[in-house]
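Undergrad:
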Amino acid sequence: MKSPEQCADLLDVRKGIDTIDRQIVILLGERLRYVHAAAAFKPTVESIPAPERVAAMMVERRSWAVEAGLPPDFVAGLFAMIADWYIATQTAYWRAKRDA
Numbered sequence: 007m008k009s010p011e012q013c014a015d016l017l018d019v020r021k022g023i024d025t026i027d028r029q030i031v032i033l034l035g036e037r038l039r040y041v042h043a044a045a046a047f048k049p050t051v052e053s054i055p056a057p058e059r060v061a062a063m064m065v066e067r068r069s070w071a072v073e074a075g076l077p078p079d080f081v082a083g084l085f086a087m088i089a090d091w092y093i094a095t096q097t098a099y100w101r102a103k104r105d106a
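Residue numbers (our numbering): 7 to 106.
#1: So, Ala-43 versus Trp-100, is the Cβ gap smaller than 8 Å?
#2: Between Gln-12 and Ile-54, which are expected to be in contact by the criterion C-beta below 8 Å, what is the C-beta distance as a whole number of angstroms?
#3: Is Ile-54 helix, strand or coil by DSSP?
#4: Rounded to whole angstroms, what is the Cα-Cα separation between Leu-16 and Ile-32?
#5: Which value, in whole angstroms, describes the spacing of the CA atoms of Val-72 and Phe-80?
#6: Under 8 Å by Cβ, that's how I've got Phe-85 and Met-64 pegged, so tell me the actual separation to the nearest angstrom.
#7: Can you name the start and end residues of the alpha helix (DSSP H) that Glu-36 belongs to?
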């Protein structure tokens with residue numbers, strides 16, 4: 007993959023973006039495996055949301071955004087959506103494992 011500065015045309019740019027997007031999707035899948043692993047350590051379904059952990063994550067993600075030159079509100083909003091989906095997914099996974 008060429009760096010943005012090495013791109014000679016729009017096709018190069020799009021290839022770079024597609025490569026990064028694929029990596030993001032792969033990492034989201036890996037993150038899901040960690041979320042499933044965390045379910046084994048949650049004693050109750052009520053312990054899954056962990057609002058104190060989510061709040062701490064958002065502070066850290068905002069800081070990472072600033073370091074990367076991105077708007078912290080955008081990054082925090084994105085991670086809020088990610089966290090909500092993974093919490094719902096972990097809840098369903100936790101229940102399925104307990105019912106099995």
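Ideal placement from N, C-alpha and C gives every residue a C-beta, glycine not left out.
From a predicted model like this one, the values you see are computed outputs, not experimental measurements.
TA: Based on what the coordinates show:
#1: As a first step, residue 43 must be located in the sequence shown, where it is residue number 37. As a first step, residue 100 must be located in the sequence shown, where it is residue number 94. For Ala-43 and Trp-100, no; Cβs fall outside 8 Å.
#2: As a position in the sequence shown, residue 12 is number 6, starting the count at 1. As a position in the sequence shown, residue 54 is number 48, starting the count at 1. Not a contact, Cβ separation roughly 44 Å.
#3: As a first step, residue 54 is located in the sequence shown; it is residue number 48 there, counting from the start. Ile-54 falls in the coil class under three-state DSSP.
#4: Here residue 16 corresponds to residue number 10 of the sequence shown, with the count starting at 1. Here residue 32 corresponds to residue number 26 of the sequence shown, with the count starting at 1. Roughly 24 Å separates the two Cα atoms.
#5: Walking along the sequence shown from the start, residue 72 turns up at place 66. Walking along the sequence shown from the start, residue 80 turns up at place 74. Roughly 11 Å separates the two Cα atoms.
#6: Sequence index remark: in the sequence shown, residue 85 carries index 79 (1-based). Sequence index remark: in the sequence shown, residue 64 carries index 58 (1-based). 6 Å between Cβ atoms; contact.
#7: As a working mapping, residue 36 is identified with position 30 in the sequence shown. Counting along the chain, the alpha helix (DSSP H) containing Glu-36 begins and ends at 16–45.
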